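Here it is in structure tokens:
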């Protein structure tokens with residue numbers, strides 16, 4: 004009976020400590036990177052998204068990452084690939100490249116707004132959506148460090164795809180902040 008209790012305690016302790024190590028190791032993925040370069044997102048053929056949405060989302064991502072970088076000191080430089088700022092990156096710095104692909108582009112509709120108005124609190128939700136698949140790459144090695152899908156919606160008063168894209172850029176900046184360990 005005493006051995007069973009000791010075994011269970013050691014098993015639980017090992018599980019808790021093992022999970023703690025796993026969580027801590029995931030938070031330092033982008034810790035060593037000094038520079039962030041965001042590439043224009045790819046828009047698949049046949050997608051309802053306009054071709055300009057890839058460029059627009061890259062600019063929104065750069066803006067949001069810069070906002071968070073000012074607050075949490077994430078990167079020394081942040082730029083959109085091919086832009087003026089990308090040519091001024093100091094050499095010898097570790098560079099994180101963010102690539103992406105537009106997965107969902109849903110414009111707001113009156114029908115969805117009317118349908119949500121019957122749900123208590125539903126009038127405050129938006130009907131526009133934006134989703135993208137992001138890939139984080141080490142520039143020096145070309146190795147994929149992390150991949151994720153981010154999907155965001157608009158809110159009731161700002162029911163536009165543009166606002167959903169702003170929120171997607173902010174979600175990306177929050178994810179980077181988390182994995183920088185800040």
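In the numbering used here, the protein residues as written are 4 to 185.
Beta carbons are placed, not taken as given, at the ideal position from N, Cα and C, and that holds for glycine.
Quick caveat, the model's predicted, so the values are computed rather than measured.
Where DSSP assigns a beta bridge to residue i, which residues make up the other side?
i: residue 154; result: 134
i: residue 147; result: 140
i: residue 79; result: DSSP, once it has assigned bridges, lists no residue as partnering residue 79.
i: residue 109; result: 132
Could you give the distance in angstroms between the alpha-carbon of residue i and the alpha-carbon of residue j?
i: residue 166; j: residue 97; result: 32 Å
i: residue 152; j: residue 90; result: 29 Å
i: residue 134; j: residue 6; result: 52 Å
i: residue 104; j: residue 137; result: 7 Å
i: residue 143; j: residue 59; result: 26 Å
i: residue 154; j: residue 8; result: 45 Å
i: residue 1; j: residue 12; result: Outside the shown range of the chain (4 to 185) lies residue 1, about which nothing can therefore be said.
i: residue 180; j: residue 148; result: 15 Å
i: residue 67; j: residue 173; result: 5 Å
i: residue 61; j: residue 157; result: 18 Å
i: residue 120; j: residue 164; result: 19 Å
i: residue 88; j: residue 161; result: 31 Å
i: residue 25; j: residue 184; result: Summary for residue 25: the model assigns pLDDT 46, below 50, so the residue's position carries little reliability; its value from the coordinates is reported in the next sentence. Near 14 Å, if we compare the C-alpha coordinates of residue 184 and residue 25.
i: residue 112; j: residue 178; result: 29 Å
i: residue 141; j: residue 124; result: 43 Å
i: residue 95; j: residue 159; result: 46 Å
Mind checking which residues open and close the alpha helix (DSSP H) that includes residue i?
i: residue 68; result: 55-75
i: residue 178; result: 164-183
Does DSSP put residue i in a helix, in a strand, or in coil?
i: residue 86; result: coil
i: residue 91; result: helix
i: residue 101; result: strand
i: residue 8; result: helix
i: residue 1; result: Nothing about residue 1 can be read from this structure; the chain reaches only from 4 to 185.
i: residue 117; result: helix
i: residue 122; result: coil
i: residue 129; result: strand
First and last residue of the beta strand (DSSP E) that includes residue i?
i: residue 40; result: 38-41
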